[in-house]
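A.B. asks: Our numbering numbers the first residue of the sequence shown as 5 and each following residue consecutively. Where a beta carbon is used, it is the ideal one built from N, C-alpha and C, also for glycine. All values derive from a computational prediction rather than experimental measurement.
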Amino acid sequence: TDEQRDWAVAVGCPLQDRINEKLLSHGTKPETVASVLANGINERFCSGLFGNGCYLAEDCGKCDQYATVDEGRGVHQELHDLLYTNCGLPHPGPVHYILLCRVVLGTVSY
Numbered sequence: 005t006d007e008q009r010d011w012a013v014a015v016g017c018p019l020q021d022r023i024n025e026k027l028l029s030h031g032t033k034p035e036t037v038a039s040v041l042a043n044g045i046n047e048r049f050c051s052g053l054f055g056n057g058c059y060l061a062e063d064c065g066k067c068d069q070y071a072t073v074d075e076g077r078g079v080h081q082e083l084h085d086l087l088y089t090n091c092g093l094p095h096p097g098p099v100h101y102i103l104l105c106r107v108v109l110g111t112v113s114y
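#1: DSSP state of H84, grouped into three classes?
#2: Tell me the rounded alpha-carbon separation between L87 and Y114.
#3: Between the Cα of S29 and the Cα atoms of T111, I102 and G110, which residue gives the shortest distance?
#4: For the region 21 to 77, which segments carrying the beta strand (DSSP E) assignment without a break, of at least 3 residues, lie completely within its bounds, in sequence order?
#5: Work out the CA separation of P94 and C58 for me, nearest whole Å.
#6: Which same chain residues end up closer than 7 Å to C67 when comparing Cβ atoms and leaving out the 5 residues on each side of it in sequence?
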């Protein structure tokens with residue numbers, strides 16, 4: 005869609021139409037962010053209303069049901085060190101983590 009192309013341009017990520025490449029969002033809990041950043045999204049550890057799988061959405065608003073709040077109050081210290089402390093940044097307060105993912109969807113065969 006035009007909106008996806010706008011996102012791709014905004015983040016400097018040109019997409020390839022021939023392989024059906026898209027930018028999709030993935031909402032996750034604070035306790036899984038460090039693992040996702042280290043290992044990628046793994047369908048065996050992602051679950052939702054339709055069972056295990058990698059849930060991705062065109063609309064970031066759809067991710068809010070999966071992205072729980074990180075208040076930054078003493079929990080998830082490894083994550084806070086990785087994203088904030090090690091970069092010389094303070095934790096910004098209540099945060100939800102939504103990842104922008106470059107995804108190859110391929111083609112559909114009937």
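C.D. replies: Reading off the structure:
#1: helix
#2: 43 Å
#3: I102
#4: 25 to 32
#5: 31 Å
#6: S29, H30, G31, A61 and I102
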